[in-house]
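Structure first, then comments.
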Amino acid sequence: MDKWVDGRQLQFRSMEAKDIPAAAAIERKLFSRPWSEQAFSESMGQDAIFVVTEHKGSILGHCGMYCSLGEGEVMNVAVAPEWQNLGIGRQMLGYLMGEARQRGVSHVILEVRVSNANAIHLYETLGFRNCGIRKGLYEMPREDGMVMSLDVK
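With the numbering used here, the residue at position 119 of the sequence shown is 164, and numbering never jumps.
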């Protein structure tokens, strides 16, 4: 699916094996505990949805969700630093939710660092709500995680 974001035509599509090195590179730029190429490969073989955002052949971001029994758990949302704050994460998550809906997912959860105000705001604008705190969930640095949920319509 093509969309225009900040005057640029972006493609939102399912992640393919060829996208894994770029997705892992974005992870390394953003996270203290990034997913490896092997982790992506193994997860893509499970009941999961992984999507990417592409512009002129370059992967700008990715997100993924495990699916089971009508429920989904968002595992990662990542947009390359130079492409952040343009609405790409919002569009990509919207595309992911549409794919989840087509697979019969009706409820989605995710976890986010309590200090990640930008991500929390994004999730709230998409309809996610805080449903609890998991103490000490994250490492490097140690931090609590907020659990958020959304009923997919």
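A virtual CB, placed ideally from N, CA and C, is assigned to each residue, including glycine. Everything numeric in this text was worked out from a predicted model, so none of it was measured.
Using a Cβ-Cβ cut-off of 8 Å (strictly less than) and excluding sequence neighbours within five positions of residue i, which residues of its own chain qualify?
{"i": "H152", "result": "G115, E116, G117, S194, L195, D196, V197"}
{"i": "R135", "result": "L167, T170, L171"}
{"i": "E156", "result": "R179, L182, G190, M191, V192, M193"}
{"i": "G199", "result": "Any answer about residue 199 is impossible in this case: the structure gives the chain only from 46 up to 198."}
{"i": "R174", "result": "M193, S194, L195"}
State the DSSP-derived secondary structure class of residue i, mapped to helix, strand or coil.
{"i": "A70", "result": "helix"}
{"i": "K48", "result": "strand"}
{"i": "L182", "result": "strand"}
{"i": "V85", "result": "Note that residue 85 is Phe in the sequence shown here, rather than Val. Reduced to three states, the DSSP call for F85 is helix."}
{"i": "D64", "result": "helix"}
{"i": "L141", "result": "helix"}
{"i": "L131", "result": "coil"}
{"i": "R174", "result": "strand"}
{"i": "R158", "result": "strand"}
{"i": "L105", "result": "strand"}
{"i": "L195", "result": "strand"}
Applying the criterion that 16 or more other CB atoms from any shown protein chain within 10 Å of the CB defines a buried residue, is residue i buried or exposed?
{"i": "G106", "result": "buried"}
{"i": "C176", "result": "exposed"}
{"i": "F76", "result": "exposed"}
{"i": "E184", "result": "exposed"}
{"i": "E144", "result": "buried"}
{"i": "H72", "result": "The amino acid at residue 72 is misidentified as His; the sequence shows Glu. Buried, since its Cβ has 16 or more Cβ neighbours within 10 Å."}
Which residues in the same chain as residue i place their Cβ atom closer than 7 Å to its Cβ, once the five residues preceding and following it in sequence are excluded?
{"i": "S113", "result": "D92"}
{"i": "E82", "result": "I65, P66, A69"}
{"i": "H100", "result": "R53, L55"}
{"i": "L138", "result": "C108, V122, L171"}
Are any of the Cβ atoms in chain E nearer than 8 Å to that of residue i?
{"i": "S77", "result": "The structure shown contains no chain E, having only a single protein chain."}
For the alpha helix (DSSP H) holding residue i, just list the boundary residues, first then last.
{"i": "N163", "result": "162–170"}
If I follow the unbroken beta strand (DSSP E) through residue i, where does it start and stop?
{"i": "L55", "result": "53–59"}
Just how far apart, CA to CA, sit residue i and residue j?
{"i": "Y140", "j": "R148", "result": "13 Å"}
{"i": "M89", "j": "R58", "result": "14 Å"}
{"i": "R78", "j": "M110", "result": "18 Å"}
{"i": "F95", "j": "G102", "result": "17 Å"}
{"i": "V97", "j": "I104", "result": "7 Å"}
{"i": "E188", "j": "M120", "result": "17 Å"}
{"i": "A62", "j": "W80", "result": "14 Å"}
Quick one: does the C-beta of residue i sit closer than 7 Å to a heavy atom of the ligand FAD?
{"i": "K198", "result": "Of ligands this structure carries none, so the ligand FAD is not represented either."}
Considering only residues of the same chain and omitting the five flanking positions on each side of residue i, which have a CB-CB separation below 6 Å?
{"i": "M215", "result": "Only positions 46 to 198 of the chain appear in this structure, which leaves residue 215 out of reach."}
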